[in-house]
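Engineer: Sharing a structure below in structure tokens format, with a few things to ask.
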Amino acid sequence: MSDIDGQIARTSPRKRADARRNEQTLLAAAAAVFVVSGVDAPVRDIAAKAGVGMGTIYRHFPTRADLVIAVFRHQVDACAEAGPALLANSSTPHVALTQWVDLFVDFLITKHGLAAALQSDNARFETLHAYFLDRLVPVCAQLLDAAAAAGEIRPDMDAYGLLRGIGNLCVGVDGDSRYDARRMVELLIAGLRQSRPTDQ
């Protein structure tokens with residue numbers, strides 16, 4: 021345990037909650053900067069976005085890999101938590117699925133550059149990939165099952181296959197300004213729609 025961790029452990033629950041909120045603010049800022057500039061974005065840009073000094077970033081995340089991993093987990097958690105909320109509050113399960121997939125595409129864009137950033141530490145990357153699957157595949161399956169039960173989409177779609185397909189469509193987003201990955205994903209999701217039989 022680091023000195024900072026020890027200090028946090030000895031502080032009051034309120035101060036620990038404040039520290040957690042501060043960390044979440046840093047992660048949200050880093051994620052926003054990564055979307056625009058990738059994981060190699062200057063730390064000063066992240067600090068400016070979060071409204072803190074660079075020293076604050078380094079106290080929470082001593083290395084760039086620490087920051088990238090934390091952002092990855094933060095984004096996975098946010099995406100996972102959004103699924104049930106969208107399902108509960110959207111007009112139909114298909115609307116919830118569509119909105120969640122849009123969030124997932126945002127996540128994939130944020131994730132850009134992660135493999136390169138961690139190429140010297142494959143074990144950590146593999147752990148993150150397992151975390152990604154454990155958290156997001158069940159959420160996607162829940163959304164697909166709800167939409168299928170409502171008769172809105174085909175009932176034979178596999179959650180892992182869908183996420184893998186979306187990921188493959190997003191791979192080409194860099195280096196080709198004419199390629200619109202989000203539009204390709206929209207077409208994929210539209211293709212899941214179940215044609216309703218005409219009334220007899």
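The sequence shown maps to residues 21 to 220 in the working numbering.
Glycine included, C-beta positions come from ideal geometry on N, C-alpha and C.
Every value quoted in this text rests on a predicted model; they were computed, and no experiment measured them.
Helix, strand or coil, according to DSSP, for ARG174 in the structure here?
Structural biologist: ARG174 falls in the coil class under three-state DSSP.
Engineer: Tell me where the alpha helix (DSSP H) around ALA200 begins and ends.
Structural biologist: For clarity, residue 200 is Asp in the given sequence; the question names Ala instead. No alpha helix (DSSP H) holds ASP200; DSSP gives it neither H nor E.
Engineer: Hey, how far is the Cα of ALA61 from the Cα of GLY133?
Structural biologist: If I take the Cα positions, the gap works out to 10 Å.
Engineer: Would you kindly work out how many angstroms separate the C-alpha atoms of LEU164 and VAL91, rounded to a whole number?
Structural biologist: Looking at the two C-alpha atoms, the distance is approximately 26 Å.
Engineer: To the nearest angstrom, report how far apart ALA29 and SER111 are at their CA atoms.
Structural biologist: In this prediction, ALA29 scores a pLDDT of 49, lower than 50, which makes its location untrustworthy; no coordinate-derived value is stated.
Engineer: Let me check one thing: in DSSP terms, what residues is ARG213 bridge-paired to?
Structural biologist: DSSP output for ARG213 lists ILE173 as bridge partner(s).
Engineer: What do you get for GLN44, buried or exposed, if any count of 16 or more other CB atoms within 10 angstroms of its CB means buried?
Structural biologist: Result: exposed.
Engineer: Please name the residue in ALA48, VAL72, ILE173, ARG198 whose C-alpha comes closest to that of GLY211.
Structural biologist: Looking at the Cα atoms, ILE173 is the closest of the given residues.
Engineer: Sort GLY73, THR83, LYS131, LEU123 by Cα distance to VAL159 and report the nearest one.
Structural biologist: Here the closest residue by C-alpha is LEU123.
Engineer: Go through its chain and collect everything with a Cβ distance to VAL193's Cβ below 6 Å, but skip five positions before and after it.
Structural biologist: Once the five neighbours on either side are set aside, the close Cβ partners of VAL193 are ALA201.
Engineer: Specify the secondary structure class of ALA29 as computed by DSSP and reduced to three states.
Structural biologist: Interpretation of ALA29 is limited by its pLDDT of 49, a score under 50 that renders its predicted location unreliable; no figure is taken from the coordinates.
Engineer: Between which two residues does the alpha helix (DSSP H) holding GLY133 run?
Structural biologist: Premise fails: GLY133 is in no alpha helix (DSSP H) and is neither H nor E.
Engineer: Out of ALA169, PRO175, TYR180, ALA166, which has the shortest C-alpha to C-alpha gap to PHE152?
Structural biologist: It is TYR180 whose Cα lies nearest to the Cα of PHE152.
Engineer: Assuming ALA116 contacts LEU128 under a Cβ cut-off of 8 Å, what Cβ separation, rounded to an integer in Å, is found between them?
Structural biologist: Going by Cβ atoms, the distance from ALA116 to LEU128 rounds to 19 Å, so no, they are not a contact pair.
Engineer: With distances taken Cα to Cα, identify the nearest neighbour of ASN42 among HIS80, MET74, VAL59, ALA68.
Structural biologist: Closest by alpha carbon: HIS80.
Engineer: Please specify which runs of the alpha helix (DSSP H), each continuous and at least 4 residues long, are wholly inside the segment 38-121, giving them in chain order.
Structural biologist: Counting whole runs of 4 or more residues, the segment 38-121 contains the alpha helix (DSSP H) stretches 63-70, 74-80, 84-109.
Engineer: The alpha helix (DSSP H) with VAL193 in it runs from where to where?
Structural biologist: It is not in any alpha helix (DSSP H) - VAL193 carries neither H nor E in the DSSP assignment.
Engineer: Just mark THR83 as buried or exposed, buried being the case when its beta carbon has 16 or more other beta carbons within 10 Å.
Structural biologist: With fewer than 16 other Cβ atoms within 10 Å, it is exposed.
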